[in-house]
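There are 2 protein chains.
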Amino acid sequence: MSAAPVVDIALVHHPVVDKNGKLVTTAVTNIDIHDIARSARTYGVRRFFVVTPVEASRALARRIIEHWETGFGATYNANRKDALSLVRLAPDLDGAIAEVELETGSRPKLVVTSARPAADALSFAGYRELLAGDPAPHLILFGTGWGLADSLLQRADHRIEPIAPGGYNHLSVRAAAAVILDRVLGPR
Amino acid sequence: MSAAPVVDIALVHHPVVDKNGKLVTTAVTNIDIHDIARSARTYGVRRFFVVTPVEASRALARRIIEHWETGFGATYNANRKDALSLVRLAPDLDGAIAEVELETGSRPKLVVTSARPAADALSFAGYRELLAGDPAPHLILFGTGWGLADSLLQRADHRIEPIAPGGYNHLSVRAAAAVILDRVLGPR
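Respectively, the protein sequence lines represent chains C and Z.
The numbering of the first sequence is our numbering, which starts it at 6 and goes up by one.
The numbering of the second sequence is our numbering, which starts it at 6 and goes up by one.
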């Protein structure tokens, strides 16, 4: 039997696209960090990277994490501290990849999710099986705004099918990340 | 073959408990309405009731919905309009039940979810099977704060097991609702 898969996730704020397909940098929001950290902790994710090139956004995220890790929040709500301890900040995807490599000793496979269909996309069941047999760490990317830029989609080793193929694919990134982690790492 | 199940959901702001088990009324938040409406739309939920006894909260929710249904938002983002058109406001659970009965002609079965385990809780697979064979509408309740009050849990016809039995059960209500709808109504 193989060991449990090593899964990291990243919430990408740049490069992502807006409603019109234009490249943008989105703002980091408090609620994304909290919700996705709690989902990451639920499903045994190793690290949750918040990726943004904006230094002021990383500073805001750092203050939120510190409040819950060592400030008033740590004693007010220990469960939240558990979740936020998984969060790391990175200026770009390559920074996150370098940190995974440094900590795990292996370069992670890049996995993308998208609300748009693609011919080479894996089913959730197919990706789950592939992950179970792969000793390499996997870094799953979630895009904010209207989704990951093509330049990131093209770098992926694996792409997973949309959550609702042929249906309404407009979940919030918070809800989509929870559903994807449940399908990939939840009980079956 | 039986018809598709009729599922409504309700986000309950009272009576729920706080961190210390005390009965409270939580505030309605914009992001809960948006995220859960989008999840409801994704999974074919019929109605999403926002339940709060606070008239000012219902007025706020009404303004958010109107902005996206008929205001600027309706033309800016039609997908959001689709999702928010499912939202209804109710002062209490009985108000939501009465509206379901009026619209569907049947009194709904009440279904609760809780992060706390219970001897009589159904597995997700068990509940999914039960739902598929039941012609009655089902109204699934989600609690804000630290969860639904005992008085509501006791009224339930069915209770579903926690998302992570024996594990970390501290998802946001936005993430929990998405995962529960995916497990109950998503592709299998």
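Backbone N, C-alpha and C fix where the C-beta goes; we use that ideal spot for every residue, glycine too.
(Q) Below 8 Å on the Cβ atoms is my contact criterion, and I expect G150/C with V29/C to pass it. Report the Cβ-Cβ distance as a whole number of Å. (A) 6 Å
Q) Which residues share a DSSP beta bridge with H19/C? A) Bridge partners of H19/C: none, in fact.
Q: List the whole-angstrom C-beta distance separating V11/Z from T109/Z, where the pair is believed to meet the contact cut-off of C-beta under 8 Å.
A: 6 Å
Q: With distances taken Cα to Cα, identify the nearest neighbour of P170/C among S128/C, F147/C and P142/C.
A: S128/C
Q.
With a threshold of 7 Å between beta carbons, is L190/Z in contact with chain C?
A. no
(Q) By alpha-carbon positions, which one of A9/Z, S62/Z and G26/Z ends up nearest to L16/Z? (A) S62/Z
Q: Using the Cα positions of N82/Z and W73/Z, report the straight-line distance between them to the nearest angstrom.
A: When rounded, the distance between both Cα atoms is 8 Å.
Q | Interface residues of chain C facing P80/Z [CB-CB closer than 9 Å] | A | Here residue 80/Z turns out to be Thr, not Pro, going by the sequence shown. Under the 9 Å cutoff, chain C gives no residues; its nearest Cβ is about 12 Å from T80/Z.
Q | Whole-angstrom distance between D155/Z and I102/C, CA atom to CA atom | A | 46 Å
**Q.** Bridge-paired residues (DSSP) for V105/C
**A.** BP columns for V105/C are empty, so no partner.
Q) In this structure, does DSSP put T57/Z in helix, strand or coil? A) coil
Q: Quick one: which residues of the segment 36-68 of chain Z get their C-beta closer than 9 Å to a C-beta of chain C? List them in chain order.
A: I36, H39, D40, I41, R43, S44, R46, T47, Y48 and G49
Q: Figure out for me which residue from D187/C, I70/C and K114/C has the closest Cα to the Cα of A45/C.
A: D187/C
Q: Report the residue ranges of all beta strand (DSSP E) runs contained in full by the segment 121-175 of chain C; include only those spanning at least 3 residues, in chain order.
A: 143-148 and 163-165
Q) Which word fits M6/C, buried or exposed, when buried means at least 16 other C-beta atoms lie within 10 angstroms of its C-beta? A) The predicted model places M6/C with a pLDDT of 46, which falls under 50 and marks its position as unreliable, so this point remains unresolved.
Q: Could you tell me the distance, in whole angstroms, from the CA atom of N35/Z to the CA atom of G76/Z?
A: 16 Å
Q | Boundaries (first-last residue) of the beta strand (DSSP E) holding K114/C | A | K114 to T118
**Q.** Cα-Cα separation, A42/Z to L91/Z
**A.** 7 Å
Q. Under 9 Å Cβ-Cβ, which residues of chain C neighbour R179/Z?
A. I36, D40, S177, R179, A180 and A183
Q) DSSP state of R93/C, grouped into three classes? A) strand
Q.
Just list the residues that DSSP pairs I69/Z with in beta bridges.
A. Answer is none; I69/Z lacks a bridge partner.
Q: Grab me the residues of R193/C's own chain with a C-beta within less than 8 Å of its C-beta, minus the 5 sequence neighbours each way, in chain order.
A: R133
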